[in-house]
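Asker:
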Amino acid sequence: MAMTATADHVHADPHHIGRVIEHPGPAPKRIVTAYGFWIFLLSDIVMFSCFFAAYAVLSGQTAGGPRGSEIFEQRNVAIETVCLLLSSFTCGMASIAADVRNRFWFYLGMAVTCVLGLIFLAIEFREFADLVARGYGPSRSAFLTAFFSLVGCHGLHVSAGILWLLTMMAQVFAKGFRADILRRMMCFALFWHALDIIWVAVFSVVYLLGSAP
Amino acid sequence: MLGKLDWSAIPFDQPIPLVAGAVVLVAILCVLAWVVVKGHLPYLWREWITSVDHKRIGVMYILLASVMLLRGGSDAVMMRIQQAVAYQSQGYLPPEHYNQIFSAHGTIMIFFVAMPFVIGLMNLIVPLQLGVRDVAFPTLNSVGFWLTATGALLVNVSLVVGEFARTGWLAFPPLSELSYSPGVGVDYYAWSLQISGVGTLVAGINLVTTVLKLRTRGMNYLRMPMFCWTTLASNLLIVAAFPILTATLAMLLLDRYLGFHFFTNEAGGNVMMFMNLIWAWGHPEVYILVLPAFGIFSEVVSTFSGKALFGYRSMVLATMAICVISFMVWLHHFFTMGAGPDVNAIFGIASMIIAVPTGVKIYNWLFTMYGGRIRFATPMLWSVGFMVTFIIGGLTGVLVAVPPADFMLHNSMFLVAHFHNVIIGGVLFGAFAGFEYWFPKAFGFRLDERWGKAAFWFTFLGFYVTFMPLYIVGMLGMTRRMQHYDVAAWRPWMIIAAFGMAVLTIGVICQIMQLVVSIRDREALRDRTGDPWDGRSLEWATWSPPPVFNFAFNPDVRGEDAYWEMKAHARQQSFAHEEREYEDIEMPRNSPTGFVCAFFATIMGFALIWHIWWMVILGGIGAFATFVVFAWRDHDEYVIPAEEVARIDRVNIEERRSLVSMAGSV
Chain A
0 MAMTATADHV HADPHHIGRV IEHPGPAPKR IVTAYGFWIF LLSDIVMFSC FFAAYAVLSG
60 QTAGGPRGSE IFEQRNVAIE TVCLLLSSFT CGMASIAADV RNRFWFYLGM AVTCVLGLIF
120 LAIEFREFAD LVARGYGPSR SAFLTAFFSL VGCHGLHVSA GILWLLTMMA QVFAKGFRAD
180 ILRRMMCFAL FWHALDIIWV AVFSVVYLLG SAP
Chain B
0 MLGKLDWSAI PFDQPIPLVA GAVVLVAILC VLAWVVVKGH LPYLWREWIT SVDHKRIGVM
60 YILLASVMLL RGGSDAVMMR IQQAVAYQSQ GYLPPEHYNQ IFSAHGTIMI FFVAMPFVIG
120 LMNLIVPLQL GVRDVAFPTL NSVGFWLTAT GALLVNVSLV VGEFARTGWL AFPPLSELSY
180 SPGVGVDYYA WSLQISGVGT LVAGINLVTT VLKLRTRGMN YLRMPMFCWT TLASNLLIVA
240 AFPILTATLA MLLLDRYLGF HFFTNEAGGN VMMFMNLIWA WGHPEVYILV LPAFGIFSEV
300 VSTFSGKALF GYRSMVLATM AICVISFMVW LHHFFTMGAG PDVNAIFGIA SMIIAVPTGV
360 KIYNWLFTMY GGRIRFATPM LWSVGFMVTF IIGGLTGVLV AVPPADFMLH NSMFLVAHFH
420 NVIIGGVLFG AFAGFEYWFP KAFGFRLDER WGKAAFWFTF LGFYVTFMPL YIVGMLGMTR
480 RMQHYDVAAW RPWMIIAAFG MAVLTIGVIC QIMQLVVSIR DREALRDRTG DPWDGRSLEW
540 ATWSPPPVFN FAFNPDVRGE DAYWEMKAHA RQQSFAHEER EYEDIEMPRN SPTGFVCAFF
600 ATIMGFALIW HIWWMVILGG IGAFATFVVF AWRDHDEYVI PAEEVARIDR VNIEERRSLV
660 SMAGSV
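Chains as they are written, first to last, in numbering that gives the first Met the number 0: chain A, 0 to 212; chain B, 0 to 665.
1. Strictly below 8 Å CB to CB, what residues from chain A border residue 639/B?
2. Can you tell me which of 277/B, 566/B, 114/B, 556/B puts its alpha carbon nearest to the alpha carbon of residue 25/A?
3. Exposed or buried, which one is residue 211/A when buried takes at least 16 other CB atoms within 10 Å?
4. Please name the residue, chosen from 273/B, 137/B, 127/B, 345/B, that lies closest to residue 586/B on a Cα-to-Cα basis.
5. Quick test of your reading: residue 198/B and residue 147/B, contact by CB under 8 Å. State the CB separation rounded to the nearest angstrom.
6. Going residue by residue through the region 125-211 of chain A, where are the continuous alpha helix (DSSP H) segments of at least 4 residues, counting only ones entirely within it?
7. Any beta carbon of chain B sitting closer than 8 Å to that of residue 118/A?
8. Just the Cα atoms here: how many angstroms apart are residue 636/B and residue 132/B?
9. Note down, in chain order, each residue of its chain lying with its Cβ closer than 7 Å to the Cβ of residue 534/B, except the 5 sequence neighbours on either side.
10. Taking 8 Å as the CB-CB limit, is residue 169/B close to chain A?
11. Thinking C-beta only, is residue 616/B closer than 8 Å to residue 190/B?
12. So, at 8 Å on beta carbons, what are the nonlocal neighbours of residue 340/B in its own chain, with the 5 sequence-adjacent residues on each side left out?
13. Would you say residue 30/A reaches chain B, if we count a Cβ-Cβ gap shorter than 8 Å as a contact?
14. Residues of the region 260-273 of chain B in Cβ contact with chain A at a cutoff of 7 Å, in chain order, please.
15. For my contact list, residue 710/B and residue 120/B are in at a C-beta cut-off of 8 Å; report their separation, rounded to the angstrom.
16. Kindly indicate which three-state DSSP category residue 639/B falls into: helix, strand or coil?
17. Any beta-carbon of chain A closer than 8 Å to the one on residue 258/B?
18. Give the single residue among 394/B, 363/B, 537/B whose Cα lies nearest to the Cα of residue 383/B.
19. Could you name the residues of chain A that residue 440/B contacts, counting a contact when the two beta carbons are closer than 7 Å?
20. For a quick check, are the C-beta atoms of residue 186/A and residue 62/A less than 8 Å apart?
21. Would DSSP call residue 478/B helix, strand or coil?
22. Mind pulling the chain B residues with CB within less than 8 Å of residue 23/A?
23. Between residue 209/A and the ligand PLP, is the CB less than 7 Å from at least one heavy atom?
24. Which residue marks the beginning of the beta strand (DSSP E) containing residue 587/B, and which one marks its end?
25. Could you please give me the residues that DSSP links to residue 188/B through a beta bridge?
26. Taking residue 152/B as the reference, which of 194/B, 167/B, 217/B has the closest Cα?
27. In angstroms, rounded to a whole number, what distance separates the CA positions of residue 650/B and residue 524/B?
28. Answer yes or no: do residue 400/B and residue 470/B have a C-beta to C-beta separation smaller than 8 Å?
29. Taking just the CA atoms, how far does residue 90/A sit from residue 130/A?
30. Between residue 252/B and chain A, is any beta-carbon pair separated by less than 8 Å?
31. Can you list the residues of chain A that residue 553/B reaches, using a CB-CB cut of under 8 Å?
32. Determine which residues share a DSSP beta bridge with residue 86/B and list them.
33. Among the residues of its own chain, which have a CB less than 7 Å from the CB of residue 442/B, if the five just before and after it don't count?
34. Counting C-beta neighbours from all protein chains within 10 Å, is the total for residue 42/B 16 or more, i.e. buried, or is it exposed?
35. Let me know if residue 599/B comes out buried or exposed under the rule of 16 or more other beta-carbons within 10 Å of its beta-carbon.
36. Could you work out which residues of chain A lie near residue 136/B, taking near to mean beta carbons separated by less than 9 Å?
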């Protein structure tokens, strides 16, 4: 008896490092989905970091064109930022509503998120259109190339997010709060908040640092 | 209407791509006709094309890699012949064609041979080794595969419609910018890599999540088979590195399509930024490829030595060390490009340091063999061949990691010899070892050993005859990518290398013969135990080929070498059989999402390459619609009833018990 007990102990801890906590087995679906999506978000952030790096390298290369401080309008950027941060809050509200299966608050939260996102996009679009109209398009200089790409890449993500948001609302409308739809909702919320975090970095690196004369 | 596409895109004046394309097209049409006439199409659609089973997807990845290996290999043969004959003459390949060939060769071999081969093996084996029923995201897995296939398809389309890049496999700007490469070649290159890169990223996310979150009971991290560890490391690298490739190629495409100035000569663009970005992906990439191969060798060496892997924990540590350090050495790819001595010194030292964990691994394999009962089956031959070859490649690698030496050898044939030495000797030998080792698991019969051994010896010797001369001509000052040359001293070596290529080709033919012969003799080679090699990890605990649900019961793991323990335990208990209660098993339902998505990606990629904007929009809408339709379905799983599981399982248990007890009594 004693022999087997020792043998079992050796099995569990062949290198005598300490007590081994047995792995309980595969994680539930919700955890797996969210975990996978986190990893996707990390990879997305790596992609953004390349555009940030490019911006850092090229931000001084104005090639005789305008510098950041000459084209950034802080008032607009402030409104954009407020919209996006608020939308993160309303997205959070929608998530809570989904968790407690409250359709009204879910739709309301998502709708407000959508509107705020659209306002953000509209302001960004106007900023871009205005710059292009003044002859400061992305082909003007490497600085503008990097600026348009970085901010535009974030804008594209927000646009994709809004497409996803509308699909999510339609799904809840058609299918209700099914387990798989709740998992998707969770991923959407993670995505939306991640875009917020990236915007904070864009705001600081591009607009705040760039506004310095 | 059709953008830049018109009849001039078809190279009617160039017989080689035209004939090659025609042959491939005829072959594809013949296969398709055969499939349709024989009525296999519904079966293929149901069981393979729409399959979300990780084993099937793994097999399809490997099939894709094998086909593309033939394509990339043909490019290699053409280049070796060209360099053998093009002494003081133009040879038979005009420069613009030769440039496309070496660019396509590199692109294909890395992205569409090595990558799908290792991802295929990981897909096939890792869930089995972890003792689970599928990967974390089965449908995404299918999407990933089909997007990779899309990339491969686009590269091959460039053979007959338009042209491929003439820029080398990494398309360095400013050469790859619109002003110097106005054709569609670079666009083919960039879009096929963008699309297949998304596929690879998806595969990476999937496998990381699978290893970290889906392990059977008791499968603690330090009980995972080595292959799972290297899979984890490799896929972590995919997740961290492939987005860099995506971003870099996106920048290049923005330059080309919209007149941006990331890497242009004018308006402040910065070419060195491309070098840094592309190699920040490119160096981890070589470890993405070779780490799974290291895992395969660990499994093979341990199994065929009949011993547990020596220094398991040091192996884990070495794997993860390589995973981290591989991100800190990228600059050694361009020591000569003006970084200055301090930076070069740091990256030179980091590059040499990475040889340390690799050396640890080599010693661990040697000590695993030491004192073991070694069986030299084909997978083991590949492994031993790898150790010998890889050490040479590793040593020349450390040599070029020394910046002053690199200044002499940069862009020379020495470098070409070095990376073929590690990629063929490491990745390809590993892929072949894994192919031979796990083939019985995937298909239920072993491969013919005689042809397998012949394939090994021809490939092994052919490799040396081909690539050792390249080291020498590199020392003699020959630079890479030369369409012709006038130096008499290089000539004999180029002829020897071409001869070596012929030997390598015989190796490939032997491998094809091995498949043919094995399929013909499959009844005699049938693996009835599910454990043909006396294996140690859980993939051998189920039968060959495994049922769709892999395991009737998710196994309980109590230590390293889980299946070895189970076998020992079973012998002790003299096979006392406890009947267990079978349960219903839920499996993911097959889905055409991946295939349809790739279909639209192909349309979109082709349209983008040729500037057919309406088609781009159509493809985009199609892809989005596919996702919505997928998201809308109500039943994503089906149930295999317990009686069915029991029926399948009992047959196997009986067969296995009779065989194991026979073996045990001898």
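All C-beta atoms in this analysis are idealised placements derived from N, C-alpha and C, irrespective of residue type, glycine included.
Answerer: The short version:
1. Here the premise fails: no neighbours, minimum Cβ distance about 17 Å.
2. Looking only at 277/B, 566/B, 114/B, 556/B, the smallest Cα-Cα distance to residue 25/A is reached by 556/B.
3. The residue is exposed, with fewer than 16 neighbouring Cβ atoms inside 10 Å.
4. That would be 137/B, whose Cα lies nearest to the Cα of residue 586/B.
5. So it is a contact: roughly 4 Å between Cβ atoms.
6. Listed in chain order, they are 141-174, 178-201.
7. Contacts with chain B at 8 Å (Cβ-Cβ) do not include residue 118/A.
8. Looking at the two C-alpha atoms, the distance is approximately 13 Å.
9. Within the same chain, and ignoring the five residues on either side of residue 534/B in sequence, the residues whose Cβ sits closer than 7 Å to its Cβ are 302, 562.
10. So no, residue 169/B is outside the interface.
11. Their beta carbons are not under 8 Å apart, which means residue 190/B does not touch residue 616/B by this criterion.
12. 402, listed in sequence order.
13. Flagged as an interface residue toward chain B: residue 30/A, by a C-beta distance shorter than 8 Å.
14. Residues of the region 260-273 of chain B with a Cβ closer than 7 Å to any Cβ of chain A, in chain order: 260, 261, 266, 267, 268, 269, 272.
15. No information on residue 710/B is available, as it lies outside the stretch 0 to 665 that chain B covers here.
16. Strand at residue 639/B.
17. So yes, residue 258/B belongs to the interface.
18. The residue from 394/B, 363/B, 537/B with its alpha-carbon nearest to that of residue 383/B is 363/B.
19. Under the 7 Å cutoff, chain A gives no residues; its nearest Cβ is about 21 Å from residue 440/B.
20. Against a cut-off of 8 Å, the Cβ pair of residue 62/A and residue 186/A comes out as no contact.
21. Assigned with DSSP and collapsed to three states, residue 478/B falls in strand.
22. 216, listed in chain order.
23. The model on display carries no ligand, and the ligand PLP is accordingly not part of it.
24. Per DSSP, residue 587/B belongs to the beta strand (DSSP E) from 584-587.
25. Answer by DSSP bridge pairing: none, since residue 188/B is not bridged.
26. The option with the nearest alpha carbon to residue 152/B is 194/B.
27. Whole-angstrom Cα-Cα distance: 19 Å.
28. No, they are not a contact pair.
29. Their Cα atoms are separated by approximately 31 Å.
30. No, because no Cβ of chain A sits closer than 8 Å to the Cβ of residue 252/B.
31. In chain order: 24, 25.
32. Beta-bridge partners assigned by DSSP to residue 86/B: 484/B.
33. These residues qualify, in order along the chain: 544.
34. Counting C-beta atoms within 10 angstroms of its own C-beta, residue 42/B has fewer than 16 neighbours from the protein chains shown and is therefore classed as exposed.
35. Here residue 599/B is buried. Its C-beta has 16 or more other C-beta atoms within 10 Å.
36. In chain order: 31, 32, 35.
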